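The structure appears below as structure tokens.
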Amino acid sequence: MAESWTVQRTGPGDAARTQAREQLLEAARELYGVNGYRATAEHDVCAAAGVPVEVLRQEYGSREGLLIALHNRVTTTGLRAAESALQGDGIENHSIAERVQLLFDAYVEAVTSDPREARVTFVEVLGVSAVVDEHCKLWRALWTEFLTGEAERAVERGEAEDRDHRVDVMVMVGTVHELMAHHTRRSRRARPEEVSGELTQLALSMLGSRSAGEPAG
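The opening position of the sequence shown corresponds to residue 1 in our numbering, with each subsequent residue numbered one higher.
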């Protein structure tokens, strides 16, 4: 392992650091996502990544920092997928039920396509530390802002009850994560469309809107 790292370090500094960071993320995805975060020691990740422990500490601070970085990457992918789904051609012609379905279809597909990433994102981050909890809290706040904006647009279009939906959305974001964690823990992996359908019905119910599939009035 040391010899391999020595070869990598002979290249440009930025390229070597980028490669090392990616190797650590890939090792964490495999070990945290298969064996679990708590069952994976710092030296296990470094051995799998082929880098010294000092590199992990330099780039991520600790295995906890690496967990946060991996969670951040997966969750960012999910948010971008949801945003892209709501920027498609003709999206304004879709009903709220159709838009919410498109949003969750894209999100669920993005964060569950790799079961290891899903386990890290929805299960392994739970109860690790106050630092990780705060990181997850910040992500929930970001999702709350994003979805509250969508709820306000639905109100403007007359598709949702005319009231402040922020509290509803905050509850919904927490429930979404609980449902995702539930499905991630199940021995039988649910199909993405099953999970997305549950989340869509939950969102529409909280918005006081018509259910998915019901024609617009």
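Positions of the beta carbon are idealized from the N, C-alpha and C atoms, including for glycine.
Small disclaimer: the values here were computed from a predicted structure and weren't measured.
* Asked: Among Leu67, Glu30, Met206, which residue has its Cα nearest to the Cα of Ala49?
  -> Indexing the sequence shown from 1 puts residue 49 at position 49. For Ala49, the nearest C-alpha among the options comes from Glu30.
* Would DSSP call Asp114 helix, strand or coil? -> Here the question's residue 114 lines up with position 114 in the sequence shown. It is coil, neither helix nor strand.
* To do: Mark Leu102 as exposed unless 16 or more other C-beta atoms lie within 10 angstroms of its C-beta, in which case mark it buried.
  => Position 102 of the sequence shown, counted from the start, is the residue given in the question as residue 102. Result: buried.
* Selection from Pro192, Leu24, Met170 that minimises the alpha carbon distance to Met180 -> For the purposes of this step, residue 180 is taken as the residue at position 180 of the sequence shown. Looking at the Cα atoms, Pro192 is the closest of the given residues.
* Asked: Helix, strand or coil: which one does DSSP assign to Asp89?
  -> Position 89 of the sequence shown, counted from the start, is the residue given in the question as residue 89. In the three-state reduction of the DSSP assignment, Asp89 falls in the coil class, being assigned neither a helical nor a strand state.
* Integer Cβ distance of Arg166 from Thr148, believed to fall under 8 Å -> Numbered from its first residue, the sequence shown carries residue 166 at position 166. Numbered from its first residue, the sequence shown carries residue 148 at position 148. 5 Å between Cβ atoms; contact.
* What are the start and end residues of each continuous alpha helix (DSSP H) run of 4 or more residues lying completely inside the region 108-179, in chain order? -> Within the region 108-179, the complete alpha helix (DSSP H) segments at least 4 residues long are 115-119, 130-156, listed from N- to C-terminus.
* Return yes when the Cβ of Leu67 is within less than 9 Å of the Cβ of Tyr37, no when it is not. => On the sequence shown, residue 37 is found 37 positions in, with the first residue counted as 1. On the sequence shown, residue 67 is found 67 positions in, with the first residue counted as 1. Yes, these two residues count as a Cβ contact at 9 Å.
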